[in-house]
Amino acid sequence: MNKTNLMALGLLSLSATLTSSAVFAGGNDDPLLTKVMLDQFEKGVDPQDPTQFSAQAWLGYDLNKLWLKTEGEYSNSDKQDLEIQALYSTAIAPYWDVQFGIKTHIKPTPNRNWAVIGVQGLAPYFFDIDAALFIGEQSRTAMRLSAEYELLITQKLILTPEVEVNLFGKDDAELGIGSGLSDVSAGLRLRYEIVREFAPYIGVDWRQKLGNTADYARSEGEDTQETQFVIGFRAWF
Amino acid sequence: MKSQYMIKPMIQTTNSELNNSRRQFVFGASAMLALMSIPFPKNAIANVLSQSLSQLSGKVFDLSIDYKMVNFTGKSARATVVNQLLPAPLLRWKEGETVTLRVKNNLDHDSSIHWHGIILPTEMDGVPGFSFDGIKPGETFEYQFTVQQSGTYWYHSHSGYQEQTGLFGAIVIDPATPDPVIYDRDYVIMLSDWSDEAPENIYAKLKKQADYYNYRERTVMDFFSDVNKNGLANTWNARSLWNNARMSDRDISDVTGSTYTYLMNGNPPQQGWQGLFEQGEKVRLRFINSSAMTIFDVRIPGLKMSVVASDGQNIQPVSVDEFRIGVAETYDVVIEPEVDNAYCIFAQSIDRTGFTVGNLTSDASLHAPIPPMDPRPVLGHSDMGMDMSGMDHSKMDMGGGDMSGMDHSKMAMGGGDMSGMDHSKMAMDGGDMPSMDHSKMVMDGGEMSGMDHSKMAMGGGDMSGMDHSKMAMDAAKATVSGLGLAGFGSNNEIKHINTEFGPQVDMRADAPKSGLHDPGIGLRDHQQQFNRKVLTYGDIKGLHPTYDTRQPSREIQLHLTGNMNRYMWSVNGVKFMDAAPLEFEYGERLRITLVNDTMMTHPMHLHGMWSELETGDPDFIPRKHTVLVQPGSKISYLVTADAKGQWAYHCHLLFHMPGMFRKVVVK
Numbered sequence: 001m002n003k004t005n006l007m008a009l010g011l012l013s014l015s016a017t018l019t020s021s022a023v024f025a026g027g028n029d030d031p032l033l034t035k036v037m038l039d040q041f042e043k044g045v046d047p048q049d050p051t052q053f054s055a056q057a058w059l060g061y062d063l064n065k066l067w068l069k070t071e072g073e074y075s076n077s078d079k080q081d082l083e084i085q086a087l088y089s090t091a092i093a094p095y096w097d098v099q100f101g102i103k104t105h106i107k108p109t110p111n112r113n114w115a116v117i118g119v120q121g122l123a124p125y126f127f128d129i130d131a132a133l134f135i136g137e138q139s140r141t142a143m144r145l146s147a148e149y150e151l152l153i154t155q156k157l158i159l160t161p162e163v164e165v166n167l168f169g170k171d172d173a174e175l176g177i178g179s180g181l182s183d184v185s186a187g188l189r190l191r192y193e194i195v196r197e198f199a200p201y202i203g204v205d206w207r208q209k210l211g212n213t214a215d216y217a218r219s220e221g222e223d224t225q226e227t228q229f230v231i232g233f234r235a236w237f
Numbered sequence: 001m002k003s004q005y006m007i008k009p010m011i012q013t014t015n016s017e018l019n020n021s022r023r024q025f026v027f028g029a030s031a032m033l034a035l036m037s038i039p040f041p042k043n044a045i046a047n048v049l050s051q052s053l054s055q056l057s058g059k060v061f062d063l064s065i066d067y068k069m070v071n072f073t074g075k076s077a078r079a080t081v082v083n084q085l086l087p088a089p090l091l092r093w094k095e096g097e098t099v100t101l102r103v104k105n106n107l108d109h110d111s112s113i114h115w116h117g118i119i120l121p122t123e124m125d126g127v128p129g130f131s132f133d134g135i136k137p138g139e140t141f142e143y144q145f146t147v148q149q150s151g152t153y154w155y156h157s158h159s160g161y162q163e164q165t166g167l168f169g170a171i172v173i174d175p176a177t178p179d180p181v182i183y184d185r186d187y188v189i190m191l192s193d194w195s196d197e198a199p200e201n202i203y204a205k206l207k208k209q210a211d212y213y214n215y216r217e218r219t220v221m222d223f224f225s226d227v228n229k230n231g232l233a234n235t236w237n238a239r240s241l242w243n244n245a246r247m248s249d250r251d252i253s254d255v256t257g258s259t260y261t262y263l264m265n266g267n268p269p270q271q272g273w274q275g276l277f278e279q280g281e282k283v284r285l286r287f288i289n290s291s292a293m294t295i296f297d298v299r300i301p302g303l304k305m306s307v308v309a310s311d312g313q314n315i316q317p318v319s320v321d322e323f324r325i326g327v328a329e330t331y332d333v334v335i336e337p338e339v340d341n342a343y344c345i346f347a348q349s350i351d352r353t354g355f356t357v358g359n360l361t362s363d364a365s366l367h368a369p370i371p372p373m374d375p376r377p378v379l380g381h382s383d384m385g386m387d388m389s390g391m392d393h394s395k396m397d398m399g400g401g402d403m404s405g406m407d408h409s410k411m412a413m414g415g416g417d418m419s420g421m422d423h424s425k426m427a428m429d430g431g432d433m434p435s436m437d438h439s440k441m442v443m444d445g446g447e448m449s450g451m452d453h454s455k456m457a458m459g460g461g462d463m464s465g466m467d468h469s470k471m472a473m474d475a476a477k478a479t480v481s482g483l484g485l486a487g488f489g490s491n492n493e494i495k496h497i498n499t500e501f502g503p504q505v506d507m508r509a510d511a512p513k514s515g516l517h518d519p520g521i522g523l524r525d526h527q528q529q530f531n532r533k534v535l536t537y538g539d540i541k542g543l544h545p546t547y548d549t550r551q552p553s554r555e556i557q558l559h560l561t562g563n564m565n566r567y568m569w570s571v572n573g574v575k576f577m578d579a580a581p582l583e584f585e586y587g588e589r590l591r592i593t594l595v596n597d598t599m600m601t602h603p604m605h606l607h608g609m610w611s612e613l614e615t616g617d618p619d620f621i622p623r624k625h626t627v628l629v630q631p632g633s634k635i636s637y638l639v640t641a642d643a644k645g646q647w648a649y650h651c652h653l654l655f656h657m658p659g660m661f662r663k664v665v666v667k
């Protein structure tokens, strides 16, 4: 996987060289750009609730990009979650990119590494879709599907429903993950875009553990369902 | 013939003086909207003389390109200017003379000046990389050529995004022979769009979020009000095509009034440019759209405008109330204002997110009210090129139906709109169609080549009374397939070639309509709604007979393509960097048919040669340098390849240009 990423980086820098040397009458059509998106950065209103974030960033051109995706949460030093993905993304259709690379799940320990192949894009009716298949060591497999929609109340007040489901191929007792459908979460966030790049929001987030994963949680004396009200902000640049 | 020029340059104030005064009249974008229906602030105008264009004339011109801080919005920002002026000085040339233009580049980047619409040798055209290296920092380039034409033109940088930051100016060329246009006074009206944002940032934002500047998207409230009006099922159906296509019917302009301040002769609307006239004068207004990204709709409430020239070329006068001017186009109009009256020259952006104004008056203390902007336009299915193909006849159930009252008389099919029309699934069994009257269907030029009626099932139908006899299909003009006659446009089939398929293209117009008689998005109902006659390309006929009366020997069909969501633009799905040049044979007469496979209106500009727009009269084909191609539409023009060398051919929307660009080589 590392090799693939090196190749991708090589390709990007090669095309950067070609681009910059081209004679151009108007301007550079496809400049090397970066975008960093802090999609969620929020704190539950209950003091027990964790602080969570999810962010993505890309570097690249119109059709080929390097992506970083990360998400995590922090409740206390014992209860943390952090994962990072590094992906190469290439367009396969007007609204769809195929992405492949690696994911490392750093917290909770022990950490798990996965190879990733996924699709990301805009489905008809303007659903933002991110679906990925993960293949890990010891023939672990997992899938994640998330969908997000934007409802414009006004041009600046935007309601965002989203759902995410996770599936695993086999039990991972150390991490308390069971095979099959492990958890489903849904959120509803209402943001106000002060400017396009910065929008504070309020929202509600609901998560339900399912199947074997729920059994693991119950045996640890944890709740299988959480609902929290959040405040946070979204930003990009 | 009387020809008297009375350009009276108004008192020139320096820009820094203006800037100080401007600060008092700074409004936010929302305050600007509130200004819409109130008159000019009279005292403000009295205190601040609006800036008129300063003029240079003669045969030798020294121009220097510099950076300069300007203030149009209350914030200062860096502009690119010529001789410290924005717009650059108005250059006045005389037809037949040889002009020398020494252009010094004081920027720290390469620069260039392109003489837009001027017929000249390729190495004088001023496009870097095309027989010219650009002007390096600190260098002076000397342009020299003989002026072979007259009329209204303009010049601008062809390097980077310098045009967006102010590097543009007007050119007026006095004719060698008496001017066929009679007027007593003329003014150049230069329209432009200014942003305090650096153009590179605007472009990057569009690549990151294509609707960044669109604050007119459909909301939940719009949905409910539509449901209220039209019912849930109809609303859902109307939305589903757009939702499936992942496109917005509110997507009119990429860059809008949310960042742009629109200028007339370098004046923001709060200040307004002012021009004076005297009793009984005929005033010629030379409109130039020197915007980077903004198409304007222009009118002068209370005055008819006689359009006498387009893109510098005289045309047979057309009396209109309103016209659309694409980026880089020019229109000359003659008006006859009444003394003791003031008139507002009102130019609103195509998406109605802003406007710029001028006050034309016989008395400097008289000010015309500024009209409100027209309703914001919403794209229709036809703007997706789905006029006919989206018009689904297959489900038309006419079994046994009585079609006697079916009136096709208002179907306007000028320009060959029926090639994609498929009636094959129309089931008309048993129908009685006795008085179906096609007699008023106007099908000039034999446009029915692709129309397939062969599978129309009319079993048992009685069509005895169906009268096609008056269908005006001039046999002489009708061609079965292939090239249509010069002046009438293309008959060819619309073909989407392989390169148009892929992630870089999000839409293909399968049944593009003709762009000739359509005034365009946002103007289509103005005749009915406001009783305003709006200029269409179909109204334009050259004043002089067609120069080259040969038939085209071949046709090039070019598709204007893009992916709005990724903010990518291309021709035939191929961006400039990957494209082979278009090759013209020296001396050949050819037709270019442009098919717009996007939802944007693209002003296409061919350098070095005329674009002779086929508006339906082969004897008086008008010559243009820039042609607007409407969304989901096609339009054709003829080109005589009479200029050897390498030429640029591109969309004049600045942020489309890098991709939607071709090199043309005439050998």
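One line per chain: the protein sequences are A and B, in this order.
Under UniProt numbering, think of the first position of the first sequence as 1, with each following residue one higher.
Under UniProt numbering, think of the first position of the second sequence as 1, with each following residue one higher.
C-beta: ideal position from N, C-alpha, C; glycine also.
Is the CB-CB distance between Leu485/B and Pro618/B below 8 Å? yes
Could you pull the DSSP bridge partners for Asn83/B from this structure? DSSP output for Asn83/B lists no bridge partner at all.
Compare the C-beta of Glu139/B with all C-beta atoms of chain A and state if any pair is closer than 8 Å. no
Taking Val320/B as the reference, which of Tyr331/B, Gln313/B, Ala328/B, Val307/B has the closest Cα? Val307/B
Within 10 angstroms of its Cβ, does Met421/B collect 16 or more other Cβ (buried), or is it exposed? Because Met421/B sits at a pLDDT of 40, beneath the cut-off of 50, its placement in the model cannot be relied upon, and the point is left open.
Three or more C-beta pairs below 8 Å linking the region 81-96 of chain A and the region 114-130 of chain A: yes
What residues in the region 486-516 of chain B have a beta carbon less than 9 Å from any beta carbon of chain A? Gly502, Pro503, Gln504, Val505, Asp506, Met507
I need the DSSP call for Phe237/A, collapsed to helix, strand or coil. coil
As a quick exercise: from Thr51/A, Val230/A, Phe233/A, Ala214/A, pick the residue whose alpha carbon is nearest that of Thr224/A. Ala214/A
Against chain B, with Cβ distances strictly below 8 Å, would Pro161/A count as a contact? no
According to DSSP, is Ala643/B part of a helix, a strand, or is it coil? coil
So for Tyr649/B, helix, strand or coil by DSSP? strand
List the residues of chain B whose Cβ lies closer than 7 Å to the Cβ of Thr154/A, in chain order. Thr219
Classify Asn166/A: buried if its beta carbon has 16 or more other beta carbons within 10 angstroms, exposed otherwise. buried
Note the first and the last residue of the continuous beta strand (DSSP E) segment covering Trp242/B. It is not in any beta strand (DSSP E) - Trp242/B instead sits in the alpha helix (DSSP H) that spans 232-245.
Interface flag, Arg196/A vs chain B, CB-CB below 8 Å: yes
C-alpha gap between Ala235/A and Glu71/A, whole angstroms: 15 Å
Where does the unbroken beta strand (DSSP E) through Asp215/A begin, and where does it stop? Unbroken run through Asp215/A is the alpha helix (DSSP H), 211-219; no beta strand (DSSP E).
Does the Cβ of Val327/B have 16 or more other Cβ atoms within 10 Å, making it buried, or fewer, making it exposed? buried
Note down, in chain order, each residue of its chain lying with its Cβ closer than 6 Å to the Cβ of Asp196/B, except the 5 sequence neighbours on either side. Thr73, Lys75, Ala77
Give a yes or no on contact between the region 571-587 of chain B and the region 639-650 of chain B, applying the rule of three or more CB pairs nearer than 8 Å. yes
Confirm, please, whether the CB-CB distance from Glu97/B to Arg185/B is below 8 Å. no
Give the residues of chain B in contact with Asp29/A, contact being defined as C-beta atoms less than 7 Å apart. Lys575, Phe576, Met577, Pro658, Gly659
Are there 16 or more other CB atoms within 10 angstroms of the CB of Ala173/A, so buried, or fewer, so exposed? exposed
Near-chain A residues of the region 301-315 of chain B (beta-carbon distance less than 9 Å), N- to C-terminal order: none
Report the rounded CA-to-CA distance for Ser636/B versus Leu594/B, giving the unit in angstroms. 6 Å
With DSSP run on the structure shown, which of helix, strand or coil describes Leu151/A? strand
Cβ of Asp128/A less than 8 Å from any chain B Cβ? no
So, Lys103/A versus Gln80/A, is the Cβ gap smaller than 8 Å? no
Does the Cβ of Gln270/B have 16 or more other Cβ atoms within 10 Å, making it buried, or fewer, making it exposed? buried
If we define contact as Cβ-Cβ less than 8 Å, is Lys35/A a contact residue for chain B? yes
Candidates Pro178/B, Asp193/B, Thr146/B, Ser112/B: which alpha carbon is nearest Tyr155/B's? Ser112/B
Between Ile621/B and Leu628/B, how many whole angstroms is the CB-CB distance? I'm expecting something under 8 Å. Contact flag wrong, Cβ pair sits at about 17 Å.
How should Glu137/A be labelled, buried or exposed, when 16 other C-beta atoms within 10 angstroms of its C-beta is the threshold for buried? exposed
Please report the distance separating the alpha-carbon of Arg662/B from that of Asn228/B. 48 Å
Would you say Phe24/A lies against chain B (beta-carbon separation less than 8 Å)? Note on Phe24/A: pLDDT 44, under 50, position unreliable in the model; the coordinate value appears next. By this cut-off, Phe24/A is an interface position.
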